[in-house]
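Residue numbering for the sequence shown follows the numbering used here, starting at 97 and increasing by one per position. Everything on this sheet refers to the single structure shown next.
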Amino acid sequence: MSVSAVGSFWLSPSPGKLPRPRMVVRSSAVSVAPILTHLQKQCATPLPVLRHVADAMAADMRAGLAVDGGSDLKMILSYVDTFPTGNEKGLFYALDLGGTNFRVLRVQLGGKDERVIATEFEQVTIPQELMFGTSEELFDFIACGLANFAKKEGGKFHLPSGRKREIGFTFSFPVKQTSIDSGILMKWTKGFAVSGTAGRDVVACLNEAMERQGLDMQVSALVNDTVGTLAGARYWDDDVMVAVILGTGTNACYVERTDVIPKLQGQMSSSGRTIISTEWGAFSNGLPLTEFDRDMDAASINPGEQIFEKTISGMYLGEIVRRVLLKMAEAGALFGEYVSERLSTPFILRTPDICAMHQDNSDHLDAVGAILYDVAGVKSDLSVRKTVVEVCDTIVKRGGRLAGAGIVGILQKMEEDSKDLIFGKRTVVAMDGGLYENYPQYRRYLKEAVTELLGLEMSKNVVIEHSKDGSGIGAALLAASNSKY
Ligand code: ADP
Ligand code: MG
C-alpha cells in the first residue's frame, strides 16, 4: 500500500521540546499490526536461511582466496603470519581509528613471566566534521591526540635509550596491505567520506601528520581491528582461531593455511599460516532484506555496498528501526495524528537508544516512553511502546542471528580444509566491539544461531568469547613482534 498520504502542512509554533509536527492524513489508514507482522516475516531467519548464509559465506571466502576480485569478500592478506609468543618486552603504543572513536594506548610488556606490566589508554570521539573533511585534517587530529597522550608518559613506562616509540596502528577500514607496516586505503566505510585518503598509504598519511606535529614515533605494524583482536586474544589462548568485531561496522578475520590460498601463488610464510581479513561487511548473498534496508542503502553514501554490515552492525540497527517506526507513524498513525520532524531525521535513533529501550523491564515501559519522547519527539502509551520494543527485537534478532551464521560459515570453511581441527577440538572465536559488548539480546541471538547451526554437541567445542580491548593490546603486541630493533 502506498504511503503517500502524508500531509505536508506545518503547525506552528511548536510547544516545548517537541519539534514541529507533520499531520498524518489517514485516508489510506493501515493499521500498525500488519506492518509489524510483515516485518517479522521478512526478517525471519529460520534454520534454512541461516544455513544458506553460512554456506554462502564459506563459498565466498573460497572465491576471494582464489583470486583478487573473485568475490564480494576481499579476503585481505594481513602480513601477520606469526603470533605474539608472550616473550615480547618493552614499551609500545597502539593507535586505533575505528569509526566512532579513536583510542590511544600504551603498554609495558614484561615477557613470559610478567606479561602486561601496565597499560594506559585514552579515547576521543571523532568530531562529525572530520568524517567529511580532508585527509590532512583527520590525520592531524589523530597525531595531535597521540602527541598529547605521549606527553603524559611516566610511572611504569620506560623506553630504552636510543629507541623510537613504536606504534601498532589499528585502522578499521578496508586496506590493501602491502607489508606489515604499509597499506593502501581501498575505500572509506561506516559513513566516512574523507577526501584524499583512498588510494594512499595510510601509514604515510599518519607519518606525515606526526612530522607536522613534531612527534618522533614510528609505525611498526598496521593492522585492522579484527587482526588486533585475534593477536591480543591469542596472546592468552592458543585456541583462538577467529576474531569478529561488531561495533560501528563489522568485520572478521581468521587463521588460514597458506597452502589453501591460491592467490598467494606459492608464496608461503615460514609458519605456513597467515591471518586473513575477510572484510565480510561486503557479504550480501541471500540475506533477508526489507524495503527499509533497501531505502536506507539507497540513501547511504555507499549504495549497494557493505550490505551485511548494514544489516548487522551498530551504525545501522537504530536507523532501520527508525525507518520502520516512521512508516508505522505515517501509514498507521502509531504515534497519533502527527509525525514528528525528529522521527523523520535519518540516524536520530541510535543503536544504544534501541538497546536501552530493549532493556526496559518496567510495567509501563517508562524508559521506552522517555527515549521515544526525548529522541524522536513522540508521545506513546503502553501498547505503542510494546510495538516499538517488538520492532527493536525483530531487527536485532535478525542482526545477531545473521552474525552467528557468518561465524559458522568461517568455521565451516576452516573445517573443510582441516578436518576435525576446528569442530573436533576447542576453538575460540574472540569477539569485540561496542555492539557485541553492550547489547545482551544481540549476543544471545548470535549464540543461539551458532548452536542451532552446529547442534548442541559440536557447538560445545566452539567458544565465543568477549575479548575486551584485545585489539589495542594486540596491535601493540604486533608492533613488538615486528619491532624495527
Ligand atoms: P568503532 O571502533 O567501530 O568505532 P566501537 O567498538 O567503539 O566502534 O563501538 C561503537 C559502536 O557500538 C557504536 O557506534 C554503537 O553502534 C555501538 N554501541 C555502543 N554502545 C552501545 C550500547 N549501549 N548498546 C548497543 N550498541 C552500542
Ligand atoms: Mg573499533
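From the three backbone atoms N, C-alpha and C, an ideal C-beta is built for every residue, glycine too. In this text the structure is predicted, and so the values were computed from the model without any measurement.
Enclosing alpha helix (DSSP H) for residue i [first to last residue]
| i | result |
| --- | --- |
| Val290 | Element bounds for Val290: n/a, residue is neither H nor E. |
| Thr274 | Thr274 -> not in any alpha helix (DSSP H); beta strand (DSSP E) instead, spanning Val271 to Ser275. |
| Thr490 | Leu478 to Asp513 |
| Glu210 | Gly207 to Glu210 |
| Leu143 | Leu143 to Ala162 |
| Thr447 | Thr447 to His454 |
| Ser396 | It is not in any alpha helix (DSSP H) - Ser396 carries neither H nor E in the DSSP assignment. |
| Ser167 | Premise fails: Ser167 is in no alpha helix (DSSP H) and is neither H nor E. |
| Glu249 | No alpha helix (DSSP H) holds Glu249; DSSP gives it neither H nor E. |
| Ala378 | Unbroken run through Ala378: none, as it is neither H nor E. |
| Leu302 | Val298 to Arg308 |
Opening and closing residue of the beta strand (DSSP E) in which residue i lies
| i | result |
| --- | --- |
| Lys185 | Lys185 to Leu193 |
| Ala348 | Thr346 to Arg353 |
| Thr370 | Arg369 to Ser373 |
| Met337 | Val336 to Leu342 |
| Ile280 | Ser278 to Leu281 |
According to DSSP, residues forming a beta bridge with residue i
| i | result |
| --- | --- |
| His562 | Met527 |
| Glu548 | Looking at the DSSP assignment, Glu548 forms no beta bridge with any residue, so it has no partner. |
| Asn197 | Thr221 |
| Ala572 | Its beta-bridge partners do not exist; DSSP assigns none. |
| Leu468 | DSSP output for Leu468 lists no bridge partner at all. |
| Arg202 | Tyr189 and Glu216 |
| Ser409 | For Ser409, which the question treats as bridged, DSSP gives no partner whatsoever. |
| Leu135 | For Leu135, which the question treats as bridged, DSSP gives no partner whatsoever. |
| Arg261 | Met313 |
| Thr266 | Asp192 and Val319 |
| Ile67 | The requested residue 67 does not occur in the structure, where the chain is confined to residues 97 to 581. |
| Leu173 | Ile372 |
| Thr230 | Ser291 |
Distance cut-off 7 Å: residue i Cβ against heavy atoms of ligand 4
| i | result |
| --- | --- |
| Gly264 | As presented, the structure is devoid of ligand 4, carrying ligand 1 and ligand 2 as its sole ligands. |
For residue j and residue i, believed in contact at Cβ under 8 Å, the rounded distance
| i | j | result |
| --- | --- | --- |
| Gly348 | Val338 | Looking at the sequence shown, residue 348 is not Gly but Ala. Ala348 to Val338, Cβ: 6 Å. Contact. |
| Ile416 | Ile491 | 5 Å |
| Thr293 | Ser174 | 20 Å between Cβ atoms; not a contact. |
| Ile238 | Leu191 | 7 Å |
| Phe188 | Ala572 | 4 Å |
| Glu405 | Gly345 | 5 Å |
| Asn303 | Val315 | 7 Å |
| Met392 | Arg419 | 6 Å |
| Gly500 | Thr447 | Actually they do not touch by this definition, with Cβ atoms about 18 Å apart. |
| Leu549 | Arg147 | 7 Å |
| Leu445 | Gly414 | 5 Å |
| Thr230 | Ser291 | 5 Å |
| Arg497 | Thr141 | 4 Å |
| Thr325 | Gly570 | 6 Å |
| Gly271 | Leu281 | The question names Gly, but residue 271 in the sequence shown is Val. With 8 Å as the limit, Val271 and Leu281 qualify as a contact, their Cβ atoms being about 6 Å apart. |
Which listed residue (the options) has its alpha carbon closest to that of residue i
| i | options | result |
| --- | --- | --- |
| Glu553 | Met527, Ser567 and Arg522 | Arg522 |
| Phe64 | Gly186, Phe217, Thr181 and Ala305 | Not covered by the structure: residue 64. The range shown for the chain is 97 to 581. |
| His562 | Leu242, Gly186, Met527 and Asn244 | Met527 |
| Val525 | Tyr535, Gln508 and Thr178 | Gln508 |
| Val298 | Ala317, Lys286 and Gln309 | Ala317 |
| Gly502 | Thr407, Pro130, Ala246 and Thr447 | Thr407 |
| Met157 | Ile372, Ile569 and Met453 | Ile372 |
| Glu232 | Glu307, Gln219 and Lys185 | Glu307 |
| Val558 | Ile506, Gly279 and Tyr581 | Ile506 |
| Gln224 | Phe265, Gly287, Lys170 and Phe235 | Gly287 |
| Thr196 | Pro256, Ile131, Leu342 and Ile213 | Leu342 |
| Val149 | Cys301, Trp284 and Pro384 | Pro384 |
| Glu262 | Gln204, Leu445, Gln309 and Gly410 | Gln204 |
| Ala155 | Lys248, Met227, Glu184 and Thr374 | Thr374 |
| Leu234 | Val220, Phe245, Ala246 and Lys247 | Val220 |
| Asp389 | Leu132, Pro130 and Gln138 | Gln138 |
| Lys564 | His254, Leu531 and Tyr538 | Leu531 |
| Thr285 | Phe269, Arg296, Ser278 and Ser275 | Phe269 |
| Asn244 | Gly182, Ser275 and Gln309 | Gln309 |
| Thr354 | Phe267, Met171 and Lys252 | Met171 |
| His134 | Asp236, Lys423 and Ser396 | Lys423 |
| Ala576 | Ala162, Gly328 and Glu433 | Gly328 |
By C-beta, the residues closer than 5 Å to any heavy atom of ligand 2, given in chain order:
Gly194, Asp321 and Gly343
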